[in-house]
Amino acid sequence: MLELNNLSVGYDGRYVIRNVDLSFEPGNIYTIIGKNGSGKSTLLKSCSGLLTPKVGSVLLDGKELSKYPANQRAQKISYLSQSTNTPNITVERLLAHARFPHLSYPKKLRQEDINIIYRALGDMKAACFIHDSLRELSGGERQRVYLAMQLAQDTPILLLDEPTTYLDIEYQLSLMELLQKLKAQGKTIIMVLHDLEQALKYSDQIIAIDAGKEIYTGTPDEILAGGILRKVFHVDVQRSDYRFELKNPAAVSSEAVITVFGNSSCRSR
Ligand code: ADP
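Under this note's numbering, the residue at position 144 of the sequence shown is numbered 191, and the numbers go up by one with no gaps.
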């Protein structure tokens with residue numbers, strides 16, 4: 048289990064997140080929401096161990112996360128950041144890296160690792176990219192490969208920063224379905240999402256950051272009933288029979304509720 052105890056984090060002399068207590072239980076999906084710059088990525092990075100607490104602690108199974116050797120931490124927690132620089136590497140090589148935390152020296156892939164890599168690529172409909180250079184892929188294709196890499200790392204805790212970025216709606220929905228399956232296997236999913244409808248629909252718990260003020264947590268129903276979205280985003284959101292509708296300021300609703308994984312081919316080009 049991952050726990051944040053009285054956690055305050057920030058950059059240089061500035062605090063972004065203050066005095067947060069949260070615990071993340073296995074078999075649940077937690078989604079962090081909030082306006083731009085409110086500290087969502089900062090909170091997620093703290094959970095990954097990439098940011099050191101200014102005050103308080105991050106505990107993994109009762110032990111300070113910073114006390115884990117990098118290899119052991121990577122066996123437990125995987126982290127998908129918002130993509131920045133694309134390394135000059137093939138998809139095959141990239142995916143092999145995901146298995147390294149599980150291998151002892153000389154880090155030679157076993158058949159079991161190769162199977163896991165292919166299953167992960169298959170889950171993201173990305174197996175046909177295996178021999179491609181990462182740089183040759185489109186943004187969405189690359190995102191699917193990064194997601195496959197995270198799946199191949201096969202950790203009990205998955206941190207995902209805006210995982211639906213660049214993905215077509217079909218792949219967004221298939222990813223949400225896949226996360227439900229991982230949750231059913233007992234994994235802990237903690238992610239940042241921009242799409243409020245998806246956040247409310249697929250999460251067990253919402254963590255809503257009101258920039259510089261408070262952090263609210265609750266089930267989607269509690270967040271809706273408590274008027275938290277109005278506090279945080281200044282919009283009114285209502286639950287309708289089949290979807291959540293954003294009423295204000297501009298109506299942004301989605302009909303895209305269903306079918307995932309249809310007959311789509313691996314390549315969209
Ligand atoms: P969000 O993910 O909600 O958009 P972030 O966590 O990325 O917000 O950023 C929260 C605040 O921290 C912002 O004001 C941002 O400018 C600042 N910030 C983020 N990363 C850094 C950094 N590496 N150095 C200094 N300030 C940063």
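The beta carbon of each residue, even a glycine, is placed where N, CA and C say it ideally should be.
The structure displayed is predicted, hence computed values, not measured ones.
Check	Outcome
Should Tyr-62 be flagged as near chain D, meaning a C-beta pair shorter than 7 Å?	Absent from the structure: chain D. Only one protein chain is present.
Counting C-beta neighbours from all protein chains within 10 Å, is the total for His-149 16 or more, i.e. buried, or is it exposed?	buried
Below 8 Å, how does it come out for the stretch 97-111 and the stretch 238-255: are there three or more Cβ pairs, yes or no?	no
With Tyr-213 as the anchor, note down where its alpha helix (DSSP H) starts and where it stops.	Premise fails: Tyr-213 is in no alpha helix (DSSP H) and is neither H nor E.
Assuming Leu-229 and Leu-205 form a contact by the criterion Cβ under 8 Å, report the distance between their Cβ atoms to the nearest whole angstrom.	7 Å
Throw me the rounded Cβ distance for the Val-279 and Gly-81 pair, which I believe falls under 8 Å.	6 Å
Opposite Lys-110 in the DSSP bridges: which residues?	Leu-107
For a test of the three-state rule: what should DSSP assign to Gly-233, helix, strand or coil?	coil
Within the chosen definition, does the stretch 163-181 reach the stretch 132-149 through at least 3 CB pairs nearer than 8 Å?	yes
Cβ-heavy atom distance between Lys-87 and the ligand ADP below 6 Å?	yes
Among residues of its own chain, excluding the 5 on either side of Arg-65, which ones have a beta-carbon nearer than 7 Å to its beta-carbon?	Ser-55
Which value, in whole angstroms, describes the spacing of the CA atoms of Ile-237 and Ile-79?	8 Å
Where do the ends of the alpha helix (DSSP H) carrying Leu-243 lie?	243-249
Closest by CA to Glu-50, which one among Tyr-77, Leu-106 and Lys-87?	Leu-106
State whether the stretch 86-96 contacts the stretch 119-126, with contact taken as three or more CB pairs (one from each stretch) at a distance under 8 Å.	yes
To the nearest angstrom, how far is it from the Cα of Asn-295 to the Cα of Leu-226?	Residue placement at Asn-295 cannot be trusted, given a pLDDT of 46 that sits under 50; the coordinates are not used to answer.
List in chain order: all unbroken beta strand (DSSP E) runs of 3+ residues lying wholly within the stretch 141-224.	204-208
Looking at C-alpha atoms only, which residue of Leu-91, Asn-75, Gly-103 and Lys-87 is the closest neighbour of Asn-53?	Gly-103
Check the C-beta distance from Pro-210 over to Leu-198 and give it rounded, since I have them as a contact under 8 Å.	Between Leu-198 and Pro-210 the Cβ distance is about 11 Å, and since that is not below 8 Å, they are no contact.
So which of Glu-261, Leu-243 and Asp-257 has the shortest CA-CA distance to Asp-268?	Leu-243
Tell whether a beta-carbon distance below 7 Å holds between Thr-89 and Val-63.	yes
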